[in-house]
Amino acid sequence: MSDGTYMSWFQKLMPSRIRTEANNRRSRNVPEGLWTKCGACNSALYRPELERSFDVCPKCGYHMRIGARRRLELFLDEGARSELAENVQPVDALRFRDSRKYKERLVQAQKGTGEKDALVVMQGGIYGIPVVAAAFEFRFMGGSMGSVVGEKIVRAVNVSLQERIPLICFSASGGARMQEALLSLMQMAKTAAALGRLSDAGIPFISVLTDPTMGGVSASLAMLGDVNVAEPGALIGFAGPRVIEQTVRETLPDGFQRSEFLLQHGAIDLIVDRREMRPRLANLLAIMTHRPPPNVKPLATVT
Amino acid sequence: MMNLNCLDFERPIAELEVKIEELRYAGNDAEVNINDEINRLQQKSRQLTEQIFAALSPWQIAQLARHPQRPYTLDYLQRIFTEFEELHGDRRFGDDPAIVGGVARLEGQPVMVIGHQKGRDTKEKLLRNFGMPRPEGYRKAVRLMQLAERLRMPILTFIDTPGAYPGVGAEERGQSEAIAYNLKVMAELRTPIVSTVIGEGGSGGALAIGVSDRLLMLSYSTYAVISPEGCAAILWKSPEKAAEAAEAMGITAEQLHKLGLVDEVLPEPLGGAHRDYAAMSEILRAALLDALAKLVDIDTEQLVQQRYERLMQFGSYRE
Numbered sequence: 001m002s003d004g005t006y007m008s009w010f011q012k013l014m015p016s017r018i019r020t021e022a023n024n025r026r027s028r029n030v031p032e033g034l035w036t037k038c039g040a041c042n043s044a045l046y047r048p049e050l051e052r053s054f055d056v057c058p059k060c061g062y063h064m065r066i067g068a069r070r071r072l073e074l075f076l077d078e079g080a081r082s083e084l085a086e087n088v089q090p091v092d093a094l095r096f097r098d099s100r101k102y103k104e105r106l107v108q109a110q111k112g113t114g115e116k117d118a119l120v121v122m123q124g125g126i127y128g129i130p131v132v133a134a135a136f137e138f139r140f141m142g143g144s145m146g147s148v149v150g151e152k153i154v155r156a157v158n159v160s161l162q163e164r165i166p167l168i169c170f171s172a173s174g175g176a177r178m179q180e181a182l183l184s185l186m187q188m189a190k191t192a193a194a195l196g197r198l199s200d201a202g203i204p205f206i207s208v209l210t211d212p213t214m215g216g217v218s219a220s221l222a223m224l225g226d227v228n229v230a231e232p233g234a235l236i237g238f239a240g241p242r243v244i245e246q247t248v249r250e251t252l253p254d255g256f257q258r259s260e261f262l263l264q265h266g267a268i269d270l271i272v273d274r275r276e277m278r279p280r281l282a283n284l285l286a287i288m289t290h291r292p293p294p295n296v297k298p299l300a301t302v303t
Numbered sequence: 001m002m003n004l005n006c007l008d009f010e011r012p013i014a015e016l017e018v019k020i021e022e023l024r025y026a027g028n029d030a031e032v033n034i035n036d037e038i039n040r041l042q043q044k045s046r047q048l049t050e051q052i053f054a055a056l057s058p059w060q061i062a063q064l065a066r067h068p069q070r071p072y073t074l075d076y077l078q079r080i081f082t083e084f085e086e087l088h089g090d091r092r093f094g095d096d097p098a099i100v101g102g103v104a105r106l107e108g109q110p111v112m113v114i115g116h117q118k119g120r121d122t123k124e125k126l127l128r129n130f131g132m133p134r135p136e137g138y139r140k141a142v143r144l145m146q147l148a149e150r151l152r153m154p155i156l157t158f159i160d161t162p163g164a165y166p167g168v169g170a171e172e173r174g175q176s177e178a179i180a181y182n183l184k185v186m187a188e189l190r191t192p193i194v195s196t197v198i199g200e201g202g203s204g205g206a207l208a209i210g211v212s213d214r215l216l217m218l219s220y221s222t223y224a225v226i227s228p229e230g231c232a233a234i235l236w237k238s239p240e241k242a243a244e245a246a247e248a249m250g251i252t253a254e255q256l257h258k259l260g261l262v263d264e265v266l267p268e269p270l271g272g273a274h275r276d277y278a279a280m281s282e283i284l285r286a287a288l289l290d291a292l293a294k295l296v297d298i299d300t301e302q303l304v305q306q307r308y309e310r311l312m313q314f315g316s317y318r319e
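Protein sequence lines correspond, in order, to chains W and C. Numbering-wise, the first sequence is residues 1 to 303 according to full-length UniProt numbering. Numbering-wise, the second sequence is residues 1 to 319 according to full-length UniProt numbering.
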């Protein structure tokens, strides 16, 4: 599976990107591949049915990675949603170059995902409760956090503060973006500081950790939820399993750094199935903001 | 005798110094012209050092930042502060010797001092876990910072770590949360914070005690989002490209100062801090006093607001 060292989103970017892109291609050109295979149980899945179950395998419950925009579309009420800070775009302040130029990597990621950077923020509702919701796009350079992601989180917080409405963030990231060097490290402090203000104002922040949430994102905004929620089976941690294995020179226990492991060790509040995410978070938010219970309909899709 | 504690590019200097020592030893037998020769060699050594240190690459600076003889937090504590009382433990799990902290006086004024601590010999290196803190280290640090806030003491932190420890126990006890929590708390502490990178500023493990009103760096210290070796392994697929990664990331005090991420670069004595602990300590003491003097009179609300605004302007983007 994925490895998420502090910065090793790139190592895992290659295999996982191939996998994710393959999934995506199928979803966009249905006639070409009406059937797909579950990465966990190998069951043949009917693509439209998989989409109806939010890209969770109806047979085994495996949560496949999904893009930021689809995530927010699935999560927020239809209709009244608007994107925030959509024009904030990356610049290559350091003229960073490794085997390739950062600029080229950005262009490639932008073409591949249709996003300007690795975070999408929207204002909208969930069962009528007004919220600001942000989601990481993992296919954009491993969901890495650079200046744009940091700034957009701050803008999201500011709208939450102004409107006094809760903030929800779906994380999926390998960590800080190496190509922005120390600027990206500072985004950890920047986002944490902004969330501190939200916390002081008594406005709830729900952090949803999805597969994977590692490194600098895990060690800043993602772990600072008033309520930390994880999707089942997500890899969540500070250092990546491979780095830890190399350091301690022993095999890691089964399920190490998975959601269930974090729940057991007290790092997260609860694990919620993606298919139940909307009603469960709506219920939580309604209680946390002193609202009447939302009109949550029974779920049709859960097997 | 060859000094094993010296870097490749320091070797010519070390060799000259060995020669000077030998001459000194021989000089005891009272030859007349030996003093002149010693003076000549000393001058040559100084010129050579100046020459070598005038053109250090970022990778060489990274090596200096990790120099086995570089002064560590406790070395500065001894020389700059008085009446230091080390305070231990996070009150939750344990005490992490990779971070030291406690109350002390700086020119008579009570302060809270917190810093990463590396070990000098093998035994101490293990005890200090090579300066790589576990969650209990960060939780001790934040406990002491909150104490300082209540007692209205300025906080001085010293950064010198390869990074937060990547271990099983550290993950189990919430390394991510420990770091994240510190970032959030430090941003709002109602007391002045001055952080100084004295050696290695290793990523989140460094930043977790580094959110501050003033950020100082010694001239041969580094601060980066990942180690040059780590960056090279991932982006170049080869750890041997560490020198190139160090160059690309701009990890040196000078480069970070240019980017506006660091407020002040403190010059090191000729040949680096490890060549003269006393001189380095004096430079650092003066810089800390100066930084504090700029902060102590600022109204608390304004101080916290300034720190917040400073954090908010970090980043480079367009729209």
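In this text, a Cβ means the ideal position worked out from N, Cα and C, and glycines have one as well.
- request: Report yes or no: is there a C-beta of chain C within less than 8 Å of the C-beta of W/A192?
  value: At least one chain C Cβ lies under 8 Å of W/A192.
Three-way DSSP call (helix, strand, coil) for W/P279 in this model: Correct three-state label for W/P279: helix.
task: Spell out the partners DSSP gives C/L303 in its beta bridges.
output: Here C/L303 is not bridged, per DSSP, to any residue.
field: chain C residues whose Cβ lies nearer than 9 Å to that of W/L224
entry: Residues of chain C passing the Cβ test: E177, A180, Y181, L183 and K184.
- request: Could you pull out every unbroken beta strand (DSSP E) segment of at least 3 residues lying fully inside the stretch 127 to 203 of chain W, listed in chain order?
  value: If we require 3 residues or more, the beta strand (DSSP E) runs fully inside the stretch 127 to 203 of chain W come out as 129 to 136 and 167 to 173.
- request: Give the secondary structure of W/V88 by DSSP, where H, G and I count as helix, E and B as strand, and everything else as coil.
  value: The answer is coil: DSSP assigns W/V88 none of H, G, I, E or B.
task: Would you mind stating whether C/G137 and C/D75 have Cβ atoms separated by less than 8 Å?
output: It is not a contact, given that the beta carbons lie outside the stated cut-off.
- prompt: Touch check for the stretch 54 to 71 of chain C and the stretch 251 to 258 of chain C: three-plus C-beta pairs under 8 Å?
  reply: Touching, yes.
query: Alpha carbon to alpha carbon, what distance is there between W/A194 and W/V149?
result: Cα to Cα, the separation comes out at about 13 Å.
- prompt: Does the stretch 159 to 173 of chain C come within contact of the stretch 195 to 208 of chain C, defined as at least 3 CB pairs closer than 8 Å?
  reply: Yes, the stretch 159 to 173 of chain C touches the stretch 195 to 208 of chain C.
message: Could you give the first and the last residue of the continuous beta strand (DSSP E) run that contains C/L126?
response: From DSSP, C/L126 is part of no beta strand (DSSP E) but of the alpha helix (DSSP H) over T122 to L127.
- prompt: Given 8 Å as the limit, is there contact between the stretch 214 to 234 of chain C and the stretch 264 to 279 of chain W, that is, 3 or more CB pairs closer than that?
  reply: The answer is no - the stretch 264 to 279 of chain W does not touch the stretch 214 to 234 of chain C, with fewer than three Cβ pairs under 8 Å.
- request: Could you name the residues of the stretch 203 to 226 of chain C whose beta carbon sits closer than 7 Å to any beta carbon of chain W, in the order they occur along the chain?
  value: Listed by position, the residues of the stretch 203 to 226 of chain C near chain W (Cβ gap below 7 Å) are S203, G204, L207, V211, Y223, A224, V225 and I226.
- prompt: For W/F238, which residues in chain C fall below 8 Å Cβ to Cβ?
  reply: Those within 8 Å of W/F238 in chain C are A164, P166, A170, E171, Q175, S176, I179 and G204.
message: In the DSSP output, which residue or residues are listed as bridge partners for W/H63?
response: Answer by DSSP bridge pairing, in chain order: W/V56.
- prompt: Using the beta-carbon of each residue, which ones in chain C are nearer than 8 Å to W/Q187?
  reply: Near W/Q187 (Cβ distances below 8 Å), the residues of chain C are F314 and G315.
Beta carbon proximity, C/G250 to chain W, threshold 8 Å: Chain W contact via Cβ: present.
task: Compile a chain-ordered list of the residues in the stretch 281 to 315 of chain C whose CB is closer than 7 Å to at least one CB of chain W.
output: From the stretch 281 to 315 of chain C, only Y308, L311, M312, F314 and G315 have a Cβ closer than 7 Å to chain W.
task: Just the chain C side, please: which residues come within less than 7 Å of W/V148 by C-beta, in chain order?
output: Chain C residues near W/V148: Y317.
task: Count the other CB atoms, across all protein chains shown, that sit within 10 Å of the CB of C/G167; report buried if there are 16 or more and exposed otherwise.
output: Note on C/G167: 16 or more other CB atoms within 10 angstroms of its CB, so buried under the neighbour-count rule.
- prompt: Would you call the stretch 112 to 124 of chain W and the stretch 84 to 104 of chain W in contact, with 3 or more CB pairs under 8 Å?
  reply: Three or more Cβ pairs drawn from the stretch 112 to 124 of chain W and the stretch 84 to 104 of chain W lie within less than 8 Å of each other, which places the two stretches in contact.
task: For C/Q117, count neighbouring Cβ atoms within 10 angstroms of its own Cβ and tell me buried if that reaches 16, exposed if not.
output: In the assembly as shown, C/Q117 is a buried residue. Its beta-carbon has 16 or more other beta-carbons within 10 Å.
- prompt: Are the Cβ atoms of C/S316 and W/S147 separated by less than 8 Å?
  reply: In this structure, W/S147 lies closer than 8 Å to C/S316 by Cβ.
- prompt: Beta carbon of W/G39, beta carbon of W/M64: below 8 Å?
  reply: Contact: yes.
message: So, with DSSP's three-state summary, where would you put W/R70?
response: Three-state result, W/R70: helix.
message: Can you tell me whether W/C41 is buried or exposed? The criterion is at least 16 other CB atoms within 10 Å of its CB, across all chains shown.
response: Exposed, because fewer than 16 other Cβ atoms sit within 10 Å of the Cβ of W/C41.
message: Extract the residue ranges of the beta strand (DSSP E) inside the stretch 256 to 294 of chain C, only unbroken runs of 3 or more that lie entirely within it.
response: Listed in chain order, they are 264 to 266.
message: For chain C, check one thing: does any of its Cβ atoms lie closer than 8 Å to the Cβ of W/G196?
response: W/G196 counts as touching chain C.
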